[in-house]
Amino acid sequence: MLRPGSTAVLVIHGFTGSPLSVRPWANAFLEAGFSVSVPLLPGHGTRWEDLNNTSYKAYINAVSAHFDRLRREHENVVVAGLSMGGTLALHLGEIRDPAGIITVNPSLKFASPTASLAPALRWVVKSVEPIRDDIAKRGVTEGAYSRTPVGGVAELGKLMAVTRGKLSQITAPVLLFRSATDHVVPDSSIKILEKGLAKNPLKGSNVQVTALPNSFHVATLDYDAAAIESGSVAFVRGLVK
1 MLRPGSTAVL
11 VIHGFTGSPL
21 SVRPWANAFL
31 EAGFSVSVPL
41 LPGHGTRWED
51 LNNTSYKAYI
61 NAVSAHFDRL
71 RREHENVVVA
81 GLSMGGTLAL
91 HLGEIRDPAG
101 IITVNPSLKF
111 ASPTASLAPA
121 LRWVVKSVEP
131 IRDDIAKRGV
141 TEGAYSRTPV
151 GGVAELGKLM
161 AVTRGKLSQI
171 TAPVLLFRSA
181 TDHVVPDSSI
191 KILEKGLAKN
201 PLKGSNVQVT
211 ALPNSFHVAT
221 LDYDAAAIES
231 GSVAFVRGLV
241 K
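Note that the sequence shown covers residues 1 to 241 in UniProt numbering.
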């Protein structure tokens, strides 16, 4: 999904999900006149079993390649992501030069202590109940896998750890959207993000936080989706004016 322009937005979906979960968000950027890219992450959009054989490095390599392509063709590239997509957006802020970063409920810590055991459990248990459709609005689906692959959870843990360790290296402005009720990503994840960004003396107060009072985890498809879309477009316009 591309349109020629001086500014591009790379929109990244979450763990076990698909571009469906961020499509309205991406369309808002497109309608505002920005070029938009919404990649399908490795191991997604096929079978949940494929995630058990997908390294977190494959996610990083994929989004880095998309970013680099956009960067060659555009003056500015903003990265935006939901959940694990937000984690990847933050990681790109650590290793690339985005004009800005937009995250919706980014994952930097597991909500369940059991999830931290995934590196060992992956060899015994292949999958568990799905973590999908945490949406307050009834009848809406994000198109995620029907099972959560334990091997994939282990790789997500590695991605979160790598990203946590370099948050202080982010210099781009950050816009954070946070749902009041989130059954997937704990508040401690957000505190880790804010604390990590605060360690960079150049960041200061250059982090904007917008509360989403009526949405659950997949807020891009929930009651506050319009607020995310309008706030994100305004944020990008402010960066490139």
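Backbone N, C-alpha and C fix where the C-beta goes; we use that ideal spot for every residue, glycine too.
Margin query: Short of 6 Å in beta carbon distance, which residues of its chain neighbour L212, apart from the five on each side in sequence? Order them along the chain.
Written below: F177, S179, A219 and D224, listed in sequence order.
Next item on the list: Quick one: residues in its chain with C-beta nearer than 8 Å to the C-beta of S6, no 5 flanking neighbours on either side, listed in chain order?
Entry: The answer, listed in chain order, is H74, E75, N76 and V240.
Notebook entry, point to check: So, helix, strand or coil for G139, using DSSP?
Noted result: If DSSP states are grouped into helix, strand and coil, G139 belongs with coil.
Item checked: Sub-7 Å separation of G151 and R122 beta-carbons -> Going by C-beta atoms, G151 is nearer than 7 Å to R122.
Check: From what residue to what residue does the beta strand (DSSP E) around S64 run?
Finding: DSSP places S64 in no beta strand (DSSP E) but in the uninterrupted alpha helix (DSSP H) bounded by Y56 to E73.
Checklist line | Residue burial classification, R147 (beta-carbon count within 10 angstroms, cutoff 16) | finding: By the neighbour-count rule (16 or more Cβ atoms within 10 Å), R147 is buried.
Check: Taking contact to mean at least 3 C-beta pairs separated by less than 8 Å, is the segment 185-205 in contact with the segment 101-118?
Finding: The answer is yes - the segment 101-118 touches the segment 185-205, with three or more Cβ pairs under 8 Å.
Next item on the list: Report the option in G17, N27 and A32 whose CA atom is closest to the CA atom of G238.
Entry: If you compare the alpha carbons of G17, N27 and A32 with that of G238, the shortest gap goes to A32.
Note to self: So within the segment 73-97, which uninterrupted alpha helix (DSSP H) runs reach at least 4 residues, ignoring any that extend past its ends?
What the structure shows: For the segment 73-97, whole alpha helix (DSSP H) runs of length 4 or above, ordered along the chain, are 84-95.
Item checked: Residue interval of the beta strand (DSSP E) (run including R178) -> Here the beta strand (DSSP E) through R178 covers V174 to S179.
Check: Based on Cα-Cα distance, which residue from L41, R138 and A65 lies nearest to H13?
Finding: Comparing Cα-Cα distances from H13 to each of L41, R138 and A65, the minimum goes to L41.
Margin query: For V174 and G81, I'd like the C-alpha separation in whole angstroms.
Written below: The alpha-carbon of V174 is positioned some 12 Å away from that of G81.
Next item on the list: Using only alpha-carbon positions, find the residue among V104, V207, I192 and V153 that is nearest to K166.
Entry: When the alpha-carbon of K166 is set against those of V104, V207, I192 and V153, the nearest one is in I192.
Next item on the list: Could you tell me the distance, in whole angstroms, from the CA atom of A118 to the CA atom of F67?
Entry: If I take the Cα positions, the gap works out to 30 Å.
Next item on the list: Take the Cβ of E142 as the centre, count every other Cβ of all protein chains shown within 10 Å, and call the residue buried at 16 or more, exposed below.
Entry: Label assigned to E142: buried.
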